[in-house]
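Notes for the one structure printed next.
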Amino acid sequence: MSGIWIVRIRPGVEKHMVIGTLRFVLQIPGVASLKGKRHILRKVIDRVRARFNVSVAEVGDNDLWQRATIGVAAVGNEPAFVNEVLDKVLRSVDESGVEAWVVTHQLEITTVGDVYGGIPGVGPERTLAEAEGLVDHEDEDEDALFEGEELPTLEELEAAAEIELSTPRGPPRRRG
Numbered sequence: 001m002s003g004i005w006i007v008r009i010r011p012g013v014e015k016h017m018v019i020g021t022l023r024f025v026l027q028i029p030g031v032a033s034l035k036g037k038r039h040i041l042r043k044v045i046d047r048v049r050a051r052f053n054v055s056v057a058e059v060g061d062n063d064l065w066q067r068a069t070i071g072v073a074a075v076g077n078e079p080a081f082v083n084e085v086l087d088k089v090l091r092s093v094d095e096s097g098v099e100a101w102v103v104t105h106q107l108e109i110t111t112v113g114d115v116y117g118g119i120p121g122v123g124p125e126r127t128l129a130e131a132e133g134l135v136d137h138e139d140e141d142e143d144a145l146f147e148g149e150e151l152p153t154l155e156e157l158e159a160a161a162e163i164e165l166s167t168p169r170g171p172p173r174r175r176g
């Protein structure tokens, strides 16, 4: 089945991924070197990672001793949950007791459609074994969902998703 993409649309099926990003600036008074700054940041970053299971890193002001810009990312399936996690991260850092405080922050939450180009309901409807023809497809009446409807062309799907699909390539198969 190499070289062919199978795309099916099921009306009403929506899958979302919620990505939340938090960016905040820490003021770190009293440090006199980058080594002192790194020591404090290591405490803050390690605590946040351990407590909240989020991605966190210094994303700016790397060469300034008394200031650091930290980025945090969280992923979930509900905007309220992601917002709550990032709010807790910010409060935790602000109340952590280290010699640093939050000067400013920016929080963004983005909802992304499914991984098949952001088109709700587009994606593989079969297992790999079914796609390779090793087992029968379980849903025999699947095409009945589309009776009387004109299915979109691949070009229409690409235009709707604003993506360019490429042909999957793998190692050549031996015939024997």
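If you're matching positions, the sequence shown starts at 1 in UniProt numbering and goes up one per residue. Heads up, the beta-carbon is just placed ideally off N, CA and C, and yes, glycines get one too. Here the structure is a predicted model, which is why all the values come from computation and not from measurement.
Counting the other CB atoms within 10 Å of its CB gives residue 37 a total of 16 or more, which places it among the buried residues. Contact between residue 40 and residue 99 is confirmed by a C-beta separation of about 6 angstroms, below the 8 angstroms threshold. The alpha carbon of residue 73 has as its nearest neighbour, out of 20, 155, 16, the alpha carbon of 20. In the displayed model, residue 41 falls within a helix according to three-state DSSP. Considering only 108, 89, 112, 107, the residue with the shortest C-alpha distance to residue 49 is 89. A distance below 7 angstroms separates the beta carbons of residue 65 and residue 31. According to DSSP, residue 58 shares a beta bridge with 70. Shown here for residue 107: same chain residues with a beta carbon closer than 6 angstroms to its own, the five before and five after excluded, namely 22, 86 in chain order.
With a 10 Å radius around the Cβ and a threshold of 16 neighbouring Cβ atoms, residue 24 comes out buried. The C-alpha of residue 96 is placed about 10 angstroms away from the C-alpha of residue 43.
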